[in-house]
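Heads up: the structure comes next, in structure tokens.
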Amino acid sequence: MTDGPGLTRGGAVVAAEAVATAGREAYARIVAALIRVTGDWTLAEDCAQEALASAVQRWPVEGVPGNPGGWLMTVARNRAVDVLRRAHVERRKLRDLAVLASTGPEVEAPPGEGEIVDDRLRLVFTCCHPALALEARVALTLRTVCGVATTDIARAFLVSEATMTRRLTRAKAKIRAARIPYRVPTGRNLDERLPGVLAVLYLLFTRGYDADGQPAFADEAIRLARLLDRLMPGQPEVAGLLALVLLHDSRRDARRDGDGNLLTLDRQDRSRWDQGLIAEGLAALARAGHGPYALQARIAACHAAAASAEATDWPAIARAYDRLADLQPSPVVELNRAVAHGYAYRPEAGLSLLAAARAGGALDGYPLAIAAEADLTARRGDTARAAALFREAAAAHSGAERRALLDRAAELRP
Numbered sequence: 046m047t048d049g050p051g052l053t054r055g056g057a058v059v060a061a062e063a064v065a066t067a068g069r070e071a072y073a074r075i076v077a078a079l080i081r082v083t084g085d086w087t088l089a090e091d092c093a094q095e096a097l098a099s100a101v102q103r104w105p106v107e108g109v110p111g112n113p114g115g116w117l118m119t120v121a122r123n124r125a126v127d128v129l130r131r132a133h134v135e136r137r138k139l140r141d142l143a144v145l146a147s148t149g150p151e152v153e154a155p156p157g158e159g160e161i162v163d164d165r166l167r168l169v170f171t172c173c174h175p176a177l178a179l180e181a182r183v184a185l186t187l188r189t190v191c192g193v194a195t196t197d198i199a200r201a202f203l204v205s206e207a208t209m210t211r212r213l214t215r216a217k218a219k220i221r222a223a224r225i226p227y228r229v230p231t232g233r234n235l236d237e238r239l240p241g242v243l244a245v246l247y248l249l250f251t252r253g254y255d256a257d258g259q260p261a262f263a264d265e266a267i268r269l270a271r272l273l274d275r276l277m278p279g280q281p282e283v284a285g286l287l288a289l290v291l292l293h294d295s296r297r298d299a300r301r302d303g304d305g306n307l308l309t310l311d312r313q314d315r316s317r318w319d320q321g322l323i324a325e326g327l328a329a330l331a332r333a334g335h336g337p338y339a340l341q342a343r344i345a346a347c348h349a350a351a352a353s354a355e356a357t358d359w360p361a362i363a364r365a366y367d368r369l370a371d372l373q374p375s376p377v378v379e380l381n382r383a384v385a386h387g388y389a390y391r392p393e394a395g396l397s398l399l400a401a402a403r404a405g406g407a408l409d410g411y412p413l414a415i416a417a418e419a420d421l422t423a424r425r426g427d428t429a430r431a432a433a434l435f436r437e438a439a440a441a442h443s444g445a446e447r448r449a450l451l452d453r454a455a456e457l458r459p
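Each number in the working numbering corresponds to the 1-based position in the sequence shown with 45 added.
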């Protein structure tokens, strides 16, 4: 294989950054394309990883290619061809890999009538097959679609890396043994998998939107949500999810100040909110129903409609959380409901609901619950206790969120 023109010389640091960026942006596309062509999940991941390893070795010496994603796709494809040739596979797979070489990393299979084709959307639906346990669906999607390291997934599920590796291996083996097709299903099968797909896309978005998350994950979730909305225009919860992620993402540029410090919603410069995304989100919300994502989108719309934090319709937000708690009860929903009531009525009302939500023990030690109690306690006037609670919440965080909580504590000093 030849690299072709377009190489630019760069140091080891530049090359390492380029590999990391290309891996985030191209890994999922490469794996998805190779799975579609070869049908072999492990082979696709191994070839993508080998391409990244090759880039780590070669780019500091040869320079960063002009099209890093295309370079990785070519190396991964060539590796897959070598493996399949040695395995004497049918000619069709080798022919399809040759087609992949001629069209580049964004290649998609020929669409059927009325079908919206996207390799990664197919991959999400494959990962979300009901034959897999919900935890396996989420973990497999994070690993394959998002390229999240197995170590990080294991940490999120509070298990060892070896345990998570075994779970991912079993999930892929189950897909292979059950001959789960690599495609977006239709009819009843589509409806059956939709809740898992929506949950995965929202998880992907939140991973990118978190204070110290990767924005590329949020961008990819929005792209797939738009695509899914086109695929299923009559599904109100798809429209609800799209509205929710767009309305949240409209605030992305206003979430930090000039020094990079995280800003809470009430301190953001609302003139920096993306009005185009807000308009698109509200248009999607108009087509949404009354499911969990639509309700959360309506809460986000209340914030988007307010010209200032003081003008926010907190009673409407509190009522929306009341409905959400009935529809999809969870400790986190109860936590947000408590905050909304604390702002809509009085801090004592929120603290009372928060105490009830914590009674079951599910929120014990949960940093966001501690931070919520700190905020409501500060608004009630007990600044000394509020500062101590903010410091307690900060101890469980890192990065921007830790700094923001410590700043809140510092503001409450006499």
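A virtual CB, placed ideally from N, CA and C, is assigned to each residue, including glycine.
Remember, it's a predicted structure, so these values are computed and weren't measured experimentally.
For residue i, which residues of its own chain have a beta-carbon under 8 Å away from its beta-carbon, when the five flanking residues on both sides are left out?
{"i": "L380", "result": "L399, A402, L408, Y411, L413, A414 and A417"}
{"i": "F460", "result": "For the chain, the structure presents residues 46 to 459; residue 460 sits outside this window and is missing."}
{"i": "V169", "result": "T186, V190, V242, V245, L246 and L269"}
{"i": "A73", "result": "R165, L168, T189, V190, C191, G192 and E265"}
{"i": "H293", "result": "F250, Y254 and A345"}
{"i": "G157", "result": "In this prediction, G157 has a pLDDT of 42, which is less than 50 and means its spatial position is unreliable; nothing more can be read from the coordinates."}
{"i": "Q320", "result": "S295"}
{"i": "D307", "result": "The sequence shown places Leu at residue 307, rather than the Asp named in the question. Excluding positions up to five away in sequence, the list reads A256, R300, R301, A445, E446, R448 and A449."}
{"i": "K217", "result": "W86, T87 and L185"}
{"i": "V59", "result": "V109"}
How should residue i be labelled, buried or exposed, when 16 other C-beta atoms within 10 angstroms of its C-beta is the threshold for buried?
{"i": "D298", "result": "exposed"}
{"i": "D302", "result": "exposed"}
{"i": "Q102", "result": "exposed"}
{"i": "W86", "result": "buried"}
{"i": "L340", "result": "buried"}
{"i": "E325", "result": "buried"}
{"i": "D304", "result": "exposed"}
{"i": "R81", "result": "buried"}
{"i": "V120", "result": "buried"}
{"i": "P374", "result": "exposed"}
{"i": "A331", "result": "exposed"}
{"i": "L372", "result": "exposed"}
{"i": "G405", "result": "exposed"}
{"i": "D163", "result": "buried"}
{"i": "T83", "result": "buried"}
{"i": "A77", "result": "buried"}
{"i": "A194", "result": "exposed"}
{"i": "A71", "result": "buried"}
Helix, strand or coil for residue i per DSSP?
{"i": "L248", "result": "helix"}
{"i": "V229", "result": "coil"}
{"i": "L307", "result": "strand"}
{"i": "R301", "result": "strand"}
{"i": "V76", "result": "helix"}
{"i": "V193", "result": "coil"}
{"i": "V204", "result": "coil"}
{"i": "L457", "result": "coil"}
Hey, would you say residue i sits closer than 8 Å to residue j, going by beta carbons?
{"i": "I362", "j": "A389", "result": "yes"}
{"i": "L269", "j": "L246", "result": "yes"}
{"i": "V290", "j": "F250", "result": "yes"}
{"i": "V109", "j": "A65", "result": "no"}
{"i": "A423", "j": "R458", "result": "no"}
{"i": "C92", "j": "A125", "result": "yes"}
{"i": "G285", "j": "G232", "result": "no"}
{"i": "T309", "j": "I225", "result": "no"}
{"i": "V378", "j": "A370", "result": "yes"}
{"i": "A89", "j": "L117", "result": "no"}
{"i": "Q280", "j": "L327", "result": "no"}
{"i": "P105", "j": "A57", "result": "yes"}
{"i": "D367", "j": "R382", "result": "yes"}
{"i": "E456", "j": "R425", "result": "no"}
Is residue i close to chain B? Criterion is C-beta to C-beta, closer than 8 Å.
{"i": "R233", "result": "Reference to chain B is not applicable here, since this structure consists of a single protein chain."}
By Cβ distance, which residues of its chain are closer than 6 Å to residue i, with the 5 residues on each side in sequence left out?
{"i": "V283", "result": "L273, D274 and M277"}
{"i": "A439", "result": "R447, L450 and L451"}
{"i": "Y338", "result": "E282, G285, L286 and L289"}
{"i": "A435", "result": "Strictly speaking, residue 435 in this sequence is Phe, with Ala absent from that position. Excluding positions up to five away in sequence, the list reads A419, L450, R453 and A454."}
{"i": "A329", "result": "A284, L287 and A288"}
Who are the near neighbours of residue i in its chain, counting only those whose CB is closer than 7 Å to its CB and skipping five residues on each side?
{"i": "L322", "result": "L291, D294 and S295"}
{"i": "T357", "result": "C347, H348 and A351"}
**Message:** Quick check on the DSSP output: what are the complete alpha helix (DSSP H) runs of length 4 or more inside the region 312 to 394, in order along the chain?
**Reply:** Within the region 312 to 394, the complete alpha helix (DSSP H) runs of at least 4 residues are 320 to 330, 337 to 350, 359 to 372 and 376 to 389.
**Prompt:** Which residue spans inside the region 408 to 440 form an unbroken alpha helix (DSSP H) run of at least 4?
**Reply:** 412 to 425 and 428 to 440, all fully within the region 408 to 440.
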